[in-house]
Amino acid sequence: MAQARAVVIGGGITGASVAYHLAKAGWRDTLLLEKDELTSGSTCHAAGLVTQFNPSPTMMRFRSYSIELYRELGAFETVGSLRFASSPEQLKELQRGVSRARGIGLNVELVSDEEAARLMPAITRRQLQGAVWVPGDGHLDPHTATHALAAAARKLGAGIVTQQRVSGIELGPGGRIRAVQTDSQRIETEVVVIAGGIWAPQLAAMAGVFIVSTPVDHQHAALLAVPGHELPHDMPCFRDPDYLVYGKSEAGGVVLGGYEAEPPARWIDGVPWEHAGTSLPPDQARFEPLLAGAARRFPFLGEAGIVKLVCHPDAMTPDSNPLVGPVPGVPGLFMAAGLSLNGFGGAGGIGRSLAQLITAGETDLDLHGYRPWRFGPVHHDHRYAAELAREAYKYYYYLRYPYDADEAGRPRRTSALHSRLQDLGAVFGAKHGWERPEYIEPGAPWRRAGADQRRFGWQRPPYFEVLAEEHRAFRERVGIIDMSSFGKIELRGPGALPLLERVSGNLIDRPAGSVIYTQLLEQNGGMAADVTVTRLAADHFRVVTGAGYVNSDMGWLRLQVRGSDPQLEIRETTGELSVIGMWGPHARAVLEHVTGDDVSEGGFPFMQARQILVSGARVLAQRVTYVGELGWELYVEPGWAGQVWDRLMTAGRPLGIRAGGYRVLDSLRMEKGYRYYGTDLSLLDNPIEAGLGFCVQLDKGDFNGREPLVAVRESGIKRRLRTLAVAGEEYEPIYGGEAVHHEGRAVSRLRSCAYGFTARMNLAYAYLPVELKPGAEVQVEVFGRMVPAEVTRDAVIPRTQPAAS
Ligand SMILES: Cc1cc2nc3c(=O)[nH]c(=O)nc-3n(C[C@H](O)[C@H](O)[C@H](O)COP(=O)(O)OP(=O)(O)OC[C@H]3O[C@@H](n4cnc5c(N)ncnc54)[C@H](O)[C@@H]3O)c2cc1C
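Number 1149 in our numbering belongs to position 190 of the sequence shown; there are no gaps in the numbering.
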């Protein structure tokens, strides 16, 4: 009977990398299965360019490591790369990118158009504004690199079997991986890694798992050398995002690819198993705009003949991040898929991280944004997922501004209050399928936001004063917001409390009706989530998280369940309850108008949840605050939400109530020092560094991360999340990620940013060395300028509500 310690499905660059790293970690008995020959999927079609330039710290590290690995294998040509700005807006984007790269430790340089032309004499300087020069970048031959990795894996003991298609994945008790079935044998194993590229969703389905990834076509062409314009072999790679193209020199000509505006998705219901390495019929007409774009930077290319136009899909996810990690509910199953046209950049680092996860249970990189289970039921519709994937592709190069909203597949989910918000003049953005108010323009027709920032570019937003008005309502009177998209997860049963207590830094075992603000922690003390937990009954809890994190957090909670835990049900209940947030000094007066229940300071203390009646509607009111003012979140069945909203609006009118959207929340919460998961808090930060030590109850008994946090408390932290006041009172275009410099070197990067309308300050958070205390001066690199910033106290506007404990 065949057996392997781990089976890797797929012989592309990703599978080869996973097998290599597993073998390198000592799992020699690893078997890679490929249904055809190695490099029979997207891998054989890659143009082979790899750049480290990426604003995501994890992706940048994946790529830097991948390059190092290919170089070690002798499969990488370091020729450097130039990323051009062919418009003033793009130049700013590149300046921002350089600052962000420096903020995560990648030293890149923005060079002038003259310098770019010196590095690449073949280009014209027409429209050229400058370029980012990354000397360590380069290219590879996909076939050579994959075979080199596979050979290295074999040398370390891994088995590689081709012409063997996996036809089934067998699960044992508890949904645990037991074996894989191929067309000729059954192989017992406890670990399966799906590295099946565009076939990955079908492979996952063999284990009853739904993953979200769509094949989207990509094209590139080999252009013949133009006599008199032969390109040197060692010419740097180039990317010209304004013209949507990338390329490298080959045989005196160029391999040219790019990102079309309307890429087709194909085989969205399933990829034929018999499809292998063959290219698909190309679409010359679709490629023409890219050829024209390239000819604007390399005019002689207008005369170049095409040797071959290649067309093949790659697996695109809705956010163009790969799917990397374990799969909740199926112990032993791991994903390394959805490479989203980034396979060679990603595969080296992904293989290493996944092997660390499999063999040691943890990795040193933040894989939160790559969790294979982060998408939810809303994405379990191939057409919708395909629309999002196509949009992600379209914006691969095409400039997407930070405030732009998603455009595809809308509207998808609307709250019970949607029509009320339409009547008020809401501008809707989208999050995890939900239409949500970004801000509200009273008197203006409602609309859905899209690429709005394209209209005003890097300037102060035209709706700045609208946000200021909304801000004032919450701070000075009373503001109201539809927060129905909040992610809600219910845990029920005798296992609920032990699980939550084990994974939370804060004490969960409090009387029913308590609301607990806590971080969910990994074993190393890193933060996996930032949530509130409401104890509804002895063994019934509701975890509330951000709309975009609900599936991510729920899957993570499932992964934390142990076989020995008492019985427990974990269920998403987001759609079962609408949520109205109401905060401001007059919030109590408004609530008193609409309910006969006691909502007084003494009768309804902070961090408590109570059932109240509002015009016959049963409402669970939670006295919490994210904006730092008195107020409540009101949880109510969607069928009742409209009339509760109407009653609050009517009662609030004499007190100046105003509806707001999500955009103003950053301004409100940052003035009070409140954090946001994903930007301010992550797996690589711990709550003590984040200034959330008050949420960590070291004396409550054992919990995830307790020991490392005890050690941190004893030895002291080395860095601390600080609030910065950047520049002066005037609006400063900071978006997050910008490098923070001190004494001439980059020491950190910005996390959340917002203009604080009460404080009249540009606020930003950054983890800084502990020596940089309030009063210290630093500089923030904003579009190539060094802007002064001062470290301030956490909350620049004093908190009026007690700190949650
Ligand atoms: C035209 C084009 C140009 C590109 N250019 C670049 C570039 O310049 N730089 C870059 O970084 N990336 C580029 N990419 C992206 C990159 O090629 C992919 O992201 C990467 O190759 C994906 O590798 P993979 O191993 O995940 O998937 P694949 O290469 O698709 O490998 C999956 C493998 O799984 C096998 N398989 C599937 N089902 C089974 C089964 N049931 N049993 C056994 N085996 C199975 C398949 O046969 C296949 O070999 C490009 C992609 C395309 C299409």
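Just so it is clear, CB atoms sit at the ideal spot from N, CA and C, and this is done for glycine as well. Quick caveat: nothing in here was measured; it's all calculated off a predicted structure.
Exercise. How about residue 1295 and residue 973: are their beta carbons less than 7 Å apart?
Worked result: yes
Exercise. Using CA coordinates, which residue listed in 1703, 1065, 1720 is at the minimum distance from residue 1683?
Worked result: 1720
Exercise. Would you say the beta carbon of residue 1703 comes nearer than 6 Å to a heavy atom of ligand 1?
Worked result: no
For this session: Out of 1291, 1738, 1645, 1617, point me to the one whose CA is closest to residue 1703's CA.
Result: 1738
Exercise. First and last residue of the alpha helix (DSSP H) that includes residue 1047?
Worked result: 1047-1062
For this session: Please indicate yes or no: does the CB of residue 1301 lie closer than 6 Å to some heavy atom of ligand 1?
Result: yes
Exercise. Quick one: does the C-beta of residue 1219 sit closer than 6 Å to a heavy atom of ligand 1?
Worked result: no
For this session: Classify residue 1341 as helix, strand or coil using the three-state DSSP reduction.
Result: helix
Problem set entry | residue 1096: CB within 6 Å of a non-hydrogen atom of ligand 1 | no
Exercise. Distance, Cα to Cα, residue 1358 vs residue 1042?
Worked result: 13 Å
Exercise. By how many angstroms is the C-alpha of residue 1757 removed from the C-alpha of residue 1061?
Worked result: 33 Å
Exercise. Measuring CB to CB, does residue 1141 end up less than 7 Å from residue 1123?
Worked result: yes
Exercise. Would the beta-carbon of residue 1323 fall within 7 Å of that of residue 1642?
Worked result: no
For this session: Name the residue from 1730, 1180, 1520 whose alpha carbon lies nearest to the alpha carbon of residue 1264.
Result: 1180
Exercise. Is DSSP giving residue 1708 helix, strand or coil here?
Worked result: strand
Exercise. Is the beta carbon of residue 1004 within less than 6 Å of some heavy atom of ligand 1?
Worked result: yes
Exercise. For residue 1669, does the three-state DSSP call read helix, strand or coil?
Worked result: helix
Exercise. Could you check where the beta strand (DSSP E) with residue 1285 kicks off and where it finishes?
Worked result: 1282-1285
Problem set entry | For residue 1691 and residue 1755, believed in contact at Cβ under 8 Å, the rounded distance | Actually they do not touch by this definition, with Cβ atoms about 15 Å apart.
Exercise. Rounded to a whole number of angstroms, what is the C-alpha to C-alpha distance between residue 1622 and residue 1459?
Worked result: 31 Å
Problem set entry | Residue from 1023, 1495, 995 with nearest C-alpha to residue 1008 | 1023
Problem set entry | residue 1477 in three-state terms, based on DSSP | strand
Problem set entry | Proximity test, residue 973 beta-carbon vs ligand 1 heavy atom, cut-off 6 Å | yes
Exercise. Taking 6 Å as the line, does the beta carbon of residue 1156 fall inside it for any heavy atom of ligand 1?
Worked result: yes
Problem set entry | Heavy atom of ligand 1 within 6 Å of residue 992 beta-carbon | yes
For this session: Can you check DSSP and say which residues form a bridge with residue 1386?
Result: 1398, 1406
Problem set entry | Where the beta strand (DSSP E) through residue 1609 begins and ends | Looking at the DSSP string, residue 1609 is not in any beta strand (DSSP E); the run it does join, the alpha helix (DSSP H), is 1597-1611.
For this session: Closer than 8 Å by C-beta to residue 1564: which residues in its own chain qualify, once you throw out the five before and the five after it? Chain order, please.
Result: 1582
Exercise. Beta carbon of residue 1000: closer than 6 Å to some heavy atom of ligand 1?
Worked result: yes
Exercise. Is residue 995 near ligand 1, with its Cβ less than 6 Å from a heavy atom?
Worked result: yes
For this session: Could you check what DSSP says for residue 1439 in three-state terms: helix, strand or coil?
Result: strand
Problem set entry | Pairwise C-alpha distance: residue 1486 and residue 1644 | 6 Å
For this session: Could you please give the first and the last residue of the uninterrupted alpha helix (DSSP H) stretch that includes residue 1108?
Result: 1101-1114
Exercise. Do residue 1177 and ligand 1 come close, with the Cβ less than 6 Å from some heavy atom?
Worked result: yes
Exercise. For residue 1157, which residues from the same chain have a beta carbon less than 8 Å from its beta carbon, with the 5 sequence-adjacent residues on both sides left out?
Worked result: 1000, 1001, 1172, 1174, 1226, 1230, 1272, 1273, 1274
For this session: For residue 1477, count neighbouring C-beta atoms within 10 Å of its own C-beta (all shown protein chains included) and say buried if the count is 16 or more, exposed if not.
Result: buried
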